[in-house]
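Chemist: Using our numbering, you'd call the opening residue of the sequence shown number 420 and step up by one each time.
Please find one structure pasted underneath; my questions will follow.
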Amino acid sequence: MEHFNRLAQQLIDAADADALPLFAGWRAQPCPGNDPVGAAMQRIHVLREHRGACHLTAVRLSGLSARAAMAINLGAPQATRYGWHEPHPTTAGLIPRWQRAEQLTDELQAPLYASLSDRQRTEFAQLVNALTAPCPCE
420 MEHFNRLAQQ LIDAADADAL PLFAGWRAQP CPGNDPVGAA MQRIHVLREH RGACHLTAVR
480 LSGLSARAAM AINLGAPQAT RYGWHEPHPT TAGLIPRWQR AEQLTDELQA PLYASLSDRQ
540 RTEFAQLVNA LTAPCPCE
């Protein structure tokens with residue numbers, strides 16, 4: 420958990436918060452010092468907020484509305500479950516815009532992960548997989 424927290428904090432510190440006010444606000448919140456699991460949860464949330472803000476920016480730059488992006492990604496029935504009333508069905512012409520939004524999101528995220536060495540990126544991915552794996556409960 421400690422190694423995950425160190426790597427996650429390195430990513431958070433490397434992030435550009437310009438035009439990402441929710442990310443900046445969450446990043447400014449102190450992490451629990453005596454609770455490594457709580458600190459990891461908070462860091463995951465902060466990193467997720469960064470990615471989400473970058474993605475929404477990329478969606479809009481690609482000429483999509485948030486509603487259209489949700490319908491393309493999840494389908495209109497699932498978008499309705501998330502509160503989008505009567506989302507328009509996905510049209511084939513919007514798919515390239517969605518793909519561009521995904522590419523832009525990756526480009527906006529790249530500087531964070533470039534702050535880690537190749538080895539650290541591999542370790543971070545392994546740690547994320549371990550932390551998000553289903554519990555091997557009996």
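Glycine is no exception: its CB is placed at the ideal position from the N, C-alpha and C atoms.
By the three-class DSSP mapping on this structure, what secondary structure does Tyr501 have?
Modeler: coil
Chemist: Going by DSSP in three states, Pro515 sits in which element: helix, strand or coil?
Modeler: Here Pro515 sits in helix by DSSP.
Chemist: Taking the Cβ atom as the reference point for each residue, do His474 and Thr551 lie within a distance shorter than 8 Å?
Modeler: no
Chemist: Using the three-state DSSP reduction, which class does Leu535 fall into: helix, strand or coil?
Modeler: coil
Chemist: For Val465, tell me which candidate among Ala487, Glu505, Ala433 has the shortest Cα-Cα distance.
Modeler: Ala433
Chemist: Using a Cβ distance threshold of 8 Å, determine whether the region 530-540 contacts the region 432-451, with at least three qualifying pairs required.
Modeler: yes
Chemist: Could you tell me if Ile491 is buried or exposed, where buried requires 16 or more neighbouring beta carbons within 10 angstroms of its beta carbon?
Modeler: buried
Chemist: Could you check which residue in Arg462, Cys554, Arg540 has the C-alpha nearest to that of Pro449?
Modeler: Arg462
Chemist: By how many angstroms is the C-alpha of Cys556 removed from the C-alpha of Tyr501?
Modeler: Each residue's alpha carbon lies about 30 Å from the other.
Chemist: Taking C-beta to C-beta, are Gly482 and Arg516 nearer than 8 Å?
Modeler: yes
Chemist: Please state whether DSSP places Pro489 in a helix, a strand or coil.
Modeler: Reading the sequence as shown, one finds Met at residue 489 and not Pro. Here Met489 sits in helix by DSSP.
Chemist: Determine the DSSP secondary structure at Gln448, reduced to helix, strand or coil.
Modeler: coil
Chemist: In chain order, what residues of the same chain have a beta carbon less than 8 Å from the beta carbon of Leu513, not counting five sequence neighbours either side?
Modeler: Leu483, Ala487, Ile491
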